[in-house]
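Protein sequence lines, in the order shown, are assigned to chains E and S.
The number in the working numbering is simply the position in the first sequence, starting from 1, with 2 added.
The number in the working numbering is simply the position in the second sequence, starting from 1, with 2 added.
Below you'll find the structure, written out as structure tokens, and then a few comments.
Protein chains: 2
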Amino acid sequence: MKIQPFLPPKRTLMGPGPSDVSPRILEAMARPTIGHLDPLFVQMMDEMKQLLQYAFQTQSELTMPVSAPGSAGMETCFVNLIEAGDQVIVCSNGVFGGRMKENVTRVGAEAIMIEDEWGQPVDPNKVESALKKYPNAKALAFVHAETSTGARSDAKALAQLAQAHHTLTIVDTVTSLGGIEIDVDGWGLDAVYSGSQKCLSCTPGLSPITFSERAQHTLQNRKSPVQSWFLDLNLVMGYWGSNQKRSYHHTAPINALYGLHEALCILQEEGLQAAWQRHNHHHQALRAGLEALGLSFVVAPEYRLPQLNAVKIPDGIDDAKVRQHLLEQAGLEIGAGLGPMAGQIWRIGLMGHSAQEANVKLCLQALGDALGAQNPDFSSTVALTAANAQYES
Amino acid sequence: MKIQPFLPPKRTLMGPGPSDVSPRILEAMARPTIGHLDPLFVQMMDEMKQLLQYAFQTQSELTMPVSAPGSAGMETCFVNLIEAGDQVIVCSNGVFGGRMKENVTRVGAEAIMIEDEWGQPVDPNKVESALKKYPNAKALAFVHAETSTGARSDAKALAQLAQAHHTLTIVDTVTSLGGIEIDVDGWGLDAVYSGSQKCLSCTPGLSPITFSERAQHTLQNRKSPVQSWFLDLNLVMGYWGSNQKRSYHHTAPINALYGLHEALCILQEEGLQAAWQRHNHHHQALRAGLEALGLSFVVAPEYRLPQLNAVKIPDGIDDAKVRQHLLEQAGLEIGAGLGPMAGQIWRIGLMGHSAQEANVKLCLQALGDALGAQNPDFSSTVALTAANAQYES
């Protein structure tokens, strides 16, 4: 055995995440490691909380990054708020609703499933019926932006229904944070988690979360201990909490946090509204180009996420060959379909730093060429012309 | 609000971890992010597993880094192997034995505690008695290198006892891996976890683990699902396993894994035995210097970890002032005592890249000066002379 250092190629990342990482963030990751209790590091943590409060649009003191990827952020919400025997209404319209169900059952609680078709948003009428039928449900859990399909659900409307029935909300914003509007306090969301590697354009590995006062009250009044020691927010907040001496819980991922801090500084500099507009701006150009190529979207326009463009693979086209062509010829990654949509769709991300004109044009050029290699009816020229027309409109 | 990018100072890290990170590793962290299912990334994952097999001295296929810090590695071992109603013999001789107990009780199992004094190794006689008294205990859990005290327990002897009683071992090697001998297969350890930020000298945030065939058999024959979805190795191995299509579980922390890969390349280049010798070599010089300063060690020489030097704070010396002096005057971090040892001891790490002559001398110089500022009887010159004599011996 003699393994050499790993020198990754430069890719353009237009899959469902990770997205392209800004050079500023990569540079921040390489800054000198300092201790997790260093007074200067603690100052950085306080700034990080403020930056996350801005990104989530919340004043909640319990706003911080979990030291693990988004799936651990999801688990943090469920294990801290839900106890064995509780009922949770779980909305499933893609992969991540199914993952929420797993989280509910693994704490010994009952998941009451509301199913919508993949590609559709969560149906508020079904949610209202479930809230009426299960008045003791402790929480309503749903995905704001389904990464497996590209569908946006109406988080504000769903949260209003939950509030009217005195039910907590647990909300997946992994793919939405920084890409489309989220207003945690304004909408009254209770336990919200996200990921670093989507529209924040940081490297993967961290999961920002925020808990409302209602959620904190529920946490503080549990009957049983949180089943995960690592994710127990009662303990974690001894390290991340404010107005107290920071006590060691686990060793924070120092350099990863440097990266997230830088990503959030970039978001702050651009401004939330400007970031949302930018995602939509480039989405419209990409949409125009993809439609000119003859591709159709999985999700109807009114529920479509600008940052995750799910399109149907045309008949007769070999999915794997196209993605291999993109990767090898253009250094471009797009996403395959998950679960029942494997082989049926592509997921083209325009997240964070990836949401820029050069990426839109590279994608249309390369995808047109890859499709054209299998069927000469496809033309990248037509796609690029349509995108340019959209940019100039 | 207008928060600026965070520019950390350059520190010398000689606490209980994180240790100094090699510039090579920081540079690796800043390499371009690629996708977690990119064929080249999957190749890197395969190399990572080989490198970890070397570090742990095992052939086990279930050898990989958990995508979260060492505490999550600990939890991975417990939630995958232990079920509600099981009995686990837990050896406690410092903070991390206590944390193991928390992990046992939070899966609904019974922790049978074997207590040894802080600073002492785990007593094999007590372990043997417990194994006899509790013949149905599913596992024996102990810490190889107690980070809170600097004591090394005899992992080989403890594992032999467990095997004689057909009991699994769960072993914390967070502070030992790469710093002192570990022979997972030779000693027959079953579930072993470590951390990236100690003697591997990587940034914090990842937890290498390895499971023996016995442990894998136990995992595959569970009666109940693993209570953590994120840490469920049945699922995680769909992504990290070999000889199969890698399927998405969670988004791996790409750039952090670049760092760990580089750290393990460095370990491979140096060689395990050479790394262990280097830790001991610099420990002997530091020990000579600390003793010349009049400081006494918490742990007897035969159980002392070279990579974690716990020394008693002399009477009349202000703990916090000394550490503040070191940080502000010399940019040097050493560790405070934890739990009952807070204010009683310092923990001086010589881990990984920190285990070098320049660090030993910086530490003795700065510590002598900081002590001398409170009591002129302390002299850094005496300490440095003793260390030099040791280096020349």
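We put the beta carbon where it would ideally sit given N, CA and C, even for glycine.
Beta carbons nearer than 8 Å to chain S: which residues of the segment 231 to 252 of chain E have them?
231, 232, 250, 251, 252
Contact with chain S by residue 35 of chain E, beta-carbon distance below 8 Å:
yes
Pull the bridge partners of residue 210 of chain S from the DSSP assignment, please.
S:67
Using C-beta distances below 6 Å, list every residue in its chain close to residue 2 of chain S, excluding the 5 sequence neighbours before and after it, in chain order.
The structure shown has nothing for residue 2 of chain S, since chain S only spans 3 to 395.
Three-state secondary structure (DSSP) at residue 335 of chain E?
strand
Interface partners of residue 11 of chain E on chain S, CB under 9 Å:
34, 36, 40, 42
Residue 1 of chain E versus E:62, E:268, E:243, E:9, residue with shortest Cα-Cα distance
The question about residue 1 of chain E has no answer here: the residues shown for chain E are numbered 3 through 395.
Assuming the contact rule is C-beta atoms closer than 8 Å, residue 1 of chain E and residue 314 of chain E should be a hit. Round their C-beta distance to whole Å, please.
Outside the displayed range of chain E (3 to 395) lies residue 1 of chain E, so it cannot be described from this structure.
Within the same chain, show all residues whose beta-carbon is closer than 7 Å to that of residue 186 of chain E, passing over the 5 residues directly before and after it, in chain order.
58, 59, 60, 194, 212
Can you tell which of S:11, S:47, S:18 has its C-alpha closest to the C-alpha of residue 32 of chain E?
S:11
Quick check on this structure: which residue in E:67, E:84, E:263, E:335 has the alpha carbon closest to the alpha carbon of residue 223 of chain E?
E:84
Determine the direct distance from the alpha carbon of residue 36 of chain S to that of residue 149 of chain E, and round the result to whole angstroms.
18 Å
Say whether chain E places a C-beta atom closer than 8 Å to the C-beta of residue 101 of chain S.
yes
Neighbour flag for residue 256 of chain S against chain E, beta carbons, 8 Å
yes
How about residue 385 of chain E and residue 295 of chain E: do their beta carbons lie closer than 8 Å?
yes
Cβ atoms of residue 207 of chain E and residue 255 of chain S: under 8 Å apart, would you say?
yes
CA-to-CA distance, residue 202 of chain S to residue 395 of chain S, given in whole angstroms:
28 Å
Could you tell me the distance, in whole angstroms, from the CA atom of residue 170 of chain E to the CA atom of residue 252 of chain E?
28 Å
Distance, Cα to Cα, residue 310 of chain S vs residue 44 of chain E?
24 Å
Rounded to a whole number of angstroms, what is the C-alpha to C-alpha distance between residue 74 of chain E and residue 209 of chain E?
7 Å
Leaving out five residues on either side along the sequence, give the residues of the same chain with a beta carbon under 8 Å from the beta carbon of residue 374 of chain E.
380, 381, 382
Compare the C-alpha of residue 109 of chain S against each of E:124, E:164, E:81 and name the closest.
E:81
Candidates E:301, E:19, E:377, E:275: closest to residue 197 of chain E by CA position
E:19
Closer than 8 Å to chain E by CB, residue 17 of chain S:
yes
Does residue 105 of chain S get closer than 8 Å to chain E when you measure Cβ to Cβ?
yes
Select from E:359, E:29, E:16, E:25 the residue whose C-alpha is nearest the C-alpha of residue 257 of chain E.
E:29
What residue from E:101, E:159, E:140, E:152 has the CA that sits closest to residue 128 of chain E's CA?
E:159
Any Cβ of chain E within less than 8 Å of the Cβ of residue 73 of chain S?
yes
Name the two residues that bound the continuous alpha helix (DSSP H) containing residue 363 of chain S.
359 to 376
Output the residue ranges of the alpha helix (DSSP H) runs that lie fully inside the segment 131 to 209 of chain E and measure 4 residues or longer, sorted by chain position.
157 to 166, 186 to 189
To which residues of the same chain is residue 337 of chain E closer than 6 Å at the C-beta, ignoring the five residues directly before and after it?
17, 18, 349
If we count the other Cβ atoms within 10 Å of its Cβ and call it buried at 16 or more, is residue 229 of chain S buried or exposed?
buried
Measuring CB to CB, does residue 50 of chain E end up less than 8 Å from residue 266 of chain E?
yes
Measure the beta-carbon distance from residue 133 of chain E to residue 91 of chain E and round it to whole angstroms, keeping in mind my assumption that it falls under 8 Å.
7 Å
Contact list for residue 23 of chain S against chain E, beta-carbon separation under 7 Å
35
Hey, would you say residue 144 of chain S sits closer than 8 Å to residue 131 of chain S, going by beta carbons?
no
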